[in-house]
Structures are given as structure tokens and as C-alpha cells.
Amino acid sequence: VVELPVGATEDRVVGTLDMEQALQKGERRIEPGLLAQAHRGILYVDEVNLLDDHVVDVLLDAAAMGVNTIEREGISFSHPARFTLVGTMNPEEGELRPQLLDRFGLCVTITGIGSIEERVRIMEQRVAFDEDPEGFREKWQEESERLVARIVRAREAYSRVRVERELLYEIGRSCLEMGVDGHRGDIIILKTARTLAAWHGRDTVEAADVREAVDLALPHRLRRQPLMEIPDSVRHLRVKGAAA
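Here this note's numbering = 1-based position in the sequence shown + 65.
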């Protein structure tokens, strides 16, 4: 996981000329940036809605092409930049540009814990970790390994998951009814539904998988009210799934 700070400069993100090497040895050498470090990994941006516009443009280019190009002092260098972009934000502090918003496949709204028991449990777990980090990790290692094994099985099973053509029509109809621009929403819903089926150990996508995928993939793609909840206008899919 590579973190991209809100105040990061374009040079820090894209890469720049290694000035120390240039001054000491007279050699022009490129120093890769965060995009190179994040290749085949996760690029995490906290307060992603507060990023400078020029940094957003860089992320859009890299996300679209899967390649980052550094051009400095007559030197041009390109490298692969395929990464999973993860961002967090407070919508009350400003919205994301639609071009970048659409690059996020899924959107999850996080709320505070309302249960006193759960809040106490969080405090106890934090104290336990602070007092004995190694012991804490050992305590949860077996459960973590089970989770990893389940993820691996789901990834291996993903290619075998099939979707009935009828559900493909439901996905397309949902996106049209919600007024979603482009086709990325449809594709993300399809991929997410297949992933959910694989996660649950099934080789066929069910209507429930599509409903859950819609709730994750569409809220931030709605033109009129970004980040709103999915309304019940996708009633044909929900009613059909409930009756199944």
C-alpha cells in the first residue's frame, strides 16, 4: 500500500529528475514517484476530494492508460502504473470531479459505531494491541489466515463464475433507469456480482449478488445527487430477487 498525501507535488507523484545524481556525476537519471511504487499494488489517498487539480489529472491519465510518463529536462521515461485506487473523503468538505469519481469502482459509506458494546470492544482491542502487539497478532493470526485462504479461493474461482443473460439485461436496465453515464457502471456491477458469487462459493451469479453490486457501484455515479442511496426505482430487480 502506497499513500498519496493530499499535499503531494506533481513531481512526487509522477517522478522527477534525480538532481543529486545530475549535480555530482553529471548524469541525467529519472527518480520514479509514487505511481511507480504503487504499480501492482494499492494507491491510497486520504481526503481525495482535496487533491490539487493537476494531481487529479495525473491520476486520471495513469488510471486510463495504465502507464505513467515522466518528462523532465529533455528526458522522457515511461513505466507501467497499474494500481488499485482507494480513497476516503468527507462529502461535506467538497465533491470530487466527476472524471475521477467515475474511476472508483465501488463506493462505501462509513458511519460511526452506535453500539456501546462495540465501542467498548474497540477500546479493549486497542489497549490489548498497544500493550502486546506481537501477542495481539498471534491471537488473530489464525482468523486472518482463514480470511486470506477464502480470498485466494474466491480469486481462483472467479473465472468459473457464470452470469445468466437475463441478469445482464437487469444490470443494463438498472444503469439506464438510474441515468448513469457511460458503460463503466455496467461493467463494474457485473464484475462485482461475479466476485460476490465467488466469495460465497457459488459458480453462478444470483439476483442478490446483482442487487448488492448495484448498491456498491452506482451511488457515486448518479448525475443529480452524487453519493445518494440507491432508490427503489430499481424495483423490478429487487422484487424479483425477493420472490426468488
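Built from N, CA and C at the ideal position, the CB exists for glycine as well.
Per the DSSP secondary-structure output, ASP111 pairs in a beta bridge with THR153.
The beta carbon of ALA103 lies closer than 6 Å to those of VAL67 and PHE148 in the same chain, with the five residues before and after it left out.
A straight-line Cα-Cα distance of about 16 Å links ASP122 and GLU112.
A distance of 9 Å or more separates the beta carbons of GLU96 and THR74.
Three or more beta-carbon pairs separated by less than 8 Å link the stretch 254–264 to the stretch 212–232, which places the two stretches in contact. For VAL79, the closest of VAL226, GLY98 and PRO70 by C-alpha to C-alpha distance is GLY98. Annotated as proximal: ASN114 and LEU161, with beta-carbon spacing under 9 Å. About 7 Å separates the Cβ atoms of ALA282 and GLY170, confirming a contact at the 8 Å cut-off. Excluding five sequence positions before and after ARG184, the CB atoms of its chain that fall closer than 6 Å to its own CB belong to ILE178, given in chain order. Using a 10 angstroms sphere on the CB of ASN133, the tally of other CB atoms reaches 16 or more, which defines it as buried. ILE253 and GLU231 have their C-alpha atoms some 17 Å from each other.
Per the coordinates, the alpha-carbon of GLU158 lies some 15 Å from the alpha-carbon of THR174. Counting only residues of its own chain and dropping the five nearest sequence neighbours on each side, CYS172 has a CB closer than 8 Å to the CB of LEU281, ALA282, PRO284, HIS285 and LEU292. Here LEU69 is buried: its Cβ has 16 or more other Cβ atoms, across all protein chains shown, within 10 Å. Its Cα nearest to that of GLY139, the residue ARG94 stands out among ILE181, ARG94 and ALA128. GLY247 is classed as exposed because its beta carbon has fewer than 16 other beta carbons within 10 Å across all chains shown. Short of 6 Å from the beta carbon of LEU233, and not among the five residues preceding or following it, lies no beta carbon of its own chain.
Counting along the chain, the unbroken beta strand (DSSP E) around ILE135 starts and ends at 132–137. For THR153, same chain residues with a beta-carbon under 6 Å away, outside a window of 5 residues either side, are ASP111 in chain order. CA-to-CA, the gap between ARG168 and ASP117 works out to about 17 Å.
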